[in-house]
Every structure is written in C-alpha cells, then in structure tokens.
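To keep things clear, I will list the structure first and then write my remarks on it.
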Amino acid sequence: MSAPNEQRSSRIGVDTRLYFLIGVATIFGIGHHLDHIVRGNHVGWPLIPEVTVFTYTLLIYPIIVAGVYLTMTERVGVGYWSIVLGGILFAVVVTHFGPWATEPPQDVIEPYESVYLGYAAFGWLLGLVISLVTATTYSVYRWIVARGPSSFDT
1 MSAPNEQRSS RIGVDTRLYF LIGVATIFGI GHHLDHIVRG NHVGWPLIPE VTVFTYTLLI
61 YPIIVAGVYL TMTERVGVGY WSIVLGGILF AVVVTHFGPW ATEPPQDVIE PYESVYLGYA
121 AFGWLLGLVI SLVTATTYSV YRWIVARGPS SFDT
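Following the UniProt record's numbering, the numbering of the sequence shown begins with 1 at its first residue and continues without gaps.
Written as structure tokens, this is what we have:
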C-alpha cells in the first residue's frame, strides 16, 4: 500500500512535465501579448482607454499564478489545468483561425514592414498554439491517469 501523501499526489496528478509545459505555454502567451503591443493592433486597456479582448486575455496570467499556488498547496490538480489550458487553447484558436477569427493571421503578419518579422510573429503564434495543444493533451492524459482505470472499466 502507498502512503496517503503518495495517493494524494497521484490523485492531484500534476508533475514536473506539466509544470514545464505550462511554463512554455505561458512564455509563448507573454510573447504573443508583447507582439500585439509591438505591432500596435488588437490592443486594449491598459495601453489604450478601451477595454477589448486583449484586456480580458491578460486575466489569464493571474489565473495561471493562482493555479500554480493552488496546485502547490494541493487544492487543485490536473482537472483545473485541463480546463484552464483547454479554455485558453479554444480562445486562441477561435480568435486567430477559422471563419469567426477576429484577429486572423494577416492581422499578425501585415502590420510589420518586414515580411520576415511578420512571419516570425505568426510562427510565434503557431508556437503558442502548439504549446497549448501539447500542455492540454498532457494535462488531460494526467487527469485520466489520476482518476484511475476504474472510471473506464464499465
């Protein structure tokens, strides 16, 4: 039998790989927000008086910091991260790609005088999406493992 702390940790399910993936996705997110500032489009408060989608997306950083704290104190686990990461992934994809995109790829590429910088910014956006897909997938996998096989046996 395992010790109660080991059982609690396995239920929580967060490991160093997930922390790493959350960190990578956060770095890509910060870089993408900085890109918005550099190219000067689709920004909002606190840079301009208007509250926009940009403003609301800045709320993700306090959510991430709170999530790390709550995870470290074993109040939340991979379920929290699966939902948060999946929500961020959904928001980024819907905002930048597809028929309902309010900030399509050309809005990332075209503001730059250099086509190379524009495509580098777009590459960074793709890095954000890839890091979020990876972090979300791994988090969901860890959530399934933490729940144990009993929930899938029937």
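Even for Gly, the Cβ is constructed at its ideal location relative to N, Cα and C.
Of the residues assessed, Gly77 falls on the buried side of the cut-off, its CB having 16 or more other CB atoms within 10 angstroms. Beyond the five residues adjoining it in sequence on each side, Phe54 comes within less than 7 Å, by CB distance, of His36, His42, Val43 and Gly44 in the same chain, given in chain order. Counting only residues of its own chain and dropping the five nearest sequence neighbours on each side, Tyr138 has a CB closer than 7 Å to the CB of Arg17, Leu18 and Leu21. Pairing Gly148 with Leu70, the inter-Cα distance amounts to about 22 Å. Take Gly127, set aside five residues on each side of it, and the residues of its chain with a beta-carbon closer than 7 Å to its own are Phe28, in chain order.
Ala25 sits close to Ala135, with the two beta carbons spaced by under 8 Å. By the neighbour-count criterion, in which a residue is buried when 16 or more other Cβ atoms sit within 10 angstroms of its Cβ, Thr102 is exposed. In the DSSP annotation of this structure, the continuous segment of the alpha helix (DSSP H) that includes Ser139 starts and ends at Val115 to Arg147. In the structure shown, Leu47 adopts coil according to DSSP, grouped into three states. Runs of the alpha helix (DSSP H) lying entirely within the segment 9 to 78, each at least 4 residues long, are 16 to 39, 53 to 57 and 60 to 72 in chain order. By the beta-carbon neighbour count (other beta carbons within 10 angstroms, threshold 16), Tyr80 is buried.
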